[in-house]
Ligand SMILES: Cc1cc2nc3c(=O)[nH]c(=O)nc-3n(C[C@H](O)[C@H](O)[C@H](O)COP(=O)(O)OP(=O)(O)OC[C@H]3O[C@@H](n4cnc5c(N)ncnc54)[C@H](O)[C@@H]3O)c2cc1C
């Protein structure tokens, strides 16, 4: 099939009968549902973008020479990383980074998985069949140009006992049976962003299993969205049916998130990548190339969103001629976050790490800190926008008010911007900012930034546990050098 058009994507989405619930309604057509169609159209735009920007977003499939999205590229050099950067940036600019899980996210993930034979196949090829299934899936993904969602995390039921699977055997996803050509699974997983818009759901490890968890919990596979017994509960919609002027983001870019329930779902063995092998399950993600591979995609998205946030905040200030020292200070602060992310990407791409089999990712040391820091920076940026925006975020005219011949002259007189800025231009920028930080979608997006690569607190702890080797050696060596010098001085004095 090569590269789908937006129209083909929407037609494919129309033709599946999936069990998607929004409130108490079972959705019959994602494409036509008033609260879901904006997101479907945004993903259709993503597909069309590949046709408009084919030069930087489309490459040849190395196996059959057909066109495929550049986000499927398996980087083998610095130049590959830099080429992929341009494609990922264009995808991010579609929603200015507000949609975190456009299909390029999962394309890059699976390109990296299929490259990582070393971990997925495991020691002495113990998971050879699972790895082969994974590679077949990645081939299908790029050839059919699918949109994926993913569910990695076991839901929280009881914080005190969740780590002990013996006390919580039902909810964490696990195998409940087998046939000669399939496995049967039950349980739940959070939180499938893009669920209503995806062609396929994928399950792979988020965290290692607790020590007491039986092998039945060590599972990784894919399944079609219409698999019998599979249920997605969408969160309350953050989509707005207002005009693009009134709700520039939420009228189109709510990517949705679904709680995923597997109620005796049959998974063909050919779609299973890990079947009860705890060793593989616990090691394919930890300390693996997955992190620096996917961090390139997520950091590029975050960079676009931070650059946009800076531009939007600057225009908010210009709209009311705010040149105060406080405004300069806060604008400068956002710029620093922009430049930190840009620098990490430049350094990460310029000094790639070469993994087993010559596979290449950004330098983990350059890019890994962003995993915990970007969420904090976004929370801070949202706070800055609220401080500088204050009541102006709410005191803005709507499209209908601006179109009213009765109200328009009054608005132009009593709600203009500074200098020559019209009421319409002032309202456009403050409405944009409110939809970015304060609307229902704005609130969801902040929660997304906090959690989309795991909780911030966990990410700091993970760095300390897993990635601090070189820094510990260097840091301790400096302390010892200083103490030795101090001790020598003490003797001389
Ligand atoms: C908008 C949104 C979209 C998402 N999209 C997806 C998706 O598409 N696919 C997917 O698989 N997941 C997705 N997630 C889930 C996301 O991966 C999790 O929210 C994240 O990993 C945190 O897990 P949790 O929500 O269970 O919170 P918890 O793990 O309960 O964390 C809550 C708090 O407890 C702390 N904490 C947790 N465990 C420990 C511990 N062992 N020791 C000390 N402190 C701890 C955390 O630091 C955090 O502060 C999404 C989440 C959100 C909010």
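Numbering (the working numbering), first residue to last: -1 to 491.
Just so you know, even glycine gets a beta-carbon here, dropped at the ideal spot from N, CA and C.
Model, not experiment: these values are computed from the prediction.
Rounded to the nearest angstrom, the Cβ distance from residue 348 to residue 99 is 27 angstroms, too far for a contact under 8 angstroms.
Apart from sequence neighbours up to five positions away, the residues of its chain that approach residue 424 with a beta-carbon distance below 6 angstroms are 317 and 415, ordered along the chain. A Cβ-Cβ distance of about 31 angstroms is found for the pair residue 237 and residue 110, leaving them out of contact under the 8 angstroms criterion. Using a cutoff of 7 angstroms, the CB of residue 255 counts as near ligand 1, since one of the ligand's heavy atoms is closer than that.
Rounded to whole angstroms, the separation of the alpha carbons of residue 276 and residue 207 is 8 angstroms.
The straight-line gap separating the alpha-carbon atoms of residue 235 and residue 124 is approximately 44 angstroms.
Residue 346 and residue 361 have their C-alpha atoms roughly 4 angstroms apart. Taken in chain order, the whole beta strand (DSSP E) runs of length 3 or more contained in the region 238 to 287 are 255 to 266 and 270 to 273. Taking 8 angstroms as the cut-off, the Cβ atoms of residue 7 and residue 42 count as close. Bounds of the beta strand (DSSP E) holding residue 222 are 217 to 222. Looking only at 210, 116 and 266, the smallest Cα-Cα distance to residue 160 is reached by 210.
Segment contact: the region 61 to 78 against the region 23 to 30, fewer than three CB-CB distances shorter than 8 angstroms; contact not assigned.
Nearest C-alpha to residue 327 among 340, 338 and 312: 312. Secondary structure within the region 135 to 172: not one fully enclosed alpha helix (DSSP H) run of 4 or more consecutive residues is present. Collapsing the DSSP output to three states places residue 77 in a helix. Collapsing the DSSP output to three states places residue 236 in coil. Taking C-beta atoms under 8 angstroms as the contact rule, residue 113 and residue 357 qualify, at a distance of about 5 angstroms.
Residue 442 sits buried, since 16 or more C-beta atoms from the chains shown fall within 10 Å of its C-beta. Annotation for residue 453 indicates a beta carbon within 7 angstroms of some heavy atom of ligand 1. In its chain, beyond the 5 residues on either side, 255 have a beta carbon closer than 6 angstroms to the beta carbon of residue 233.
Residue burial annotation: residue 21 is exposed, with fewer than 16 other C-beta atoms found within 10 angstroms of its C-beta. Considered as a whole, the region 30 to 104 harbours 56 to 58 and 65 to 67 as its complete beta strand (DSSP E) runs of no fewer than 3 residues, in chain order. Residue 330: member of the alpha helix (DSSP H) spanning 323 to 348, first to last residue. Taking C-beta separations shorter than 8 angstroms and ignoring five residues to either side along the sequence, the partners of residue 217 in its chain run 171, 172, 173, 181, 183, 201, 270, 272, 273, 274 and 279, following chain order. For residue 259, the closest of 17, 0, 409 and 13 by C-alpha to C-alpha distance is 17. Its Cα nearest to that of residue 176, the residue 265 stands out among 221, 225, 231 and 265. Distance from residue 394 to residue 340 at the Cβ level is roughly 31 angstroms; contact not present, criterion being Cβ atoms closer than 8 angstroms. Under the three-state reduction of DSSP output, residue 483 falls in the helix class. At a Cβ-Cβ threshold of 8 angstroms, residue 338 and residue 431 do not count as neighbours. Shortest gap from the CB of residue 48 to any heavy atom of ligand 1: 7 angstroms or more. Straight across, the Cα-Cα distance linking residue 19 with residue 229 is about 8 angstroms. In the DSSP assignment, residue 427 falls within the alpha helix (DSSP H) that extends over 421 to 435. Residue 382 is not a Cβ neighbour of residue 444, given a cutoff of 8 angstroms. An exposed status is given to residue 324, since fewer than 16 other beta-carbon atoms sit within 10 Å of its beta-carbon. For residue 106, the distance from the CB to the nearest heavy atom of ligand 1 is not below 7 angstroms.
Put simply, the backbone Cα of residue 117 is about 34 angstroms away from that of residue 92.
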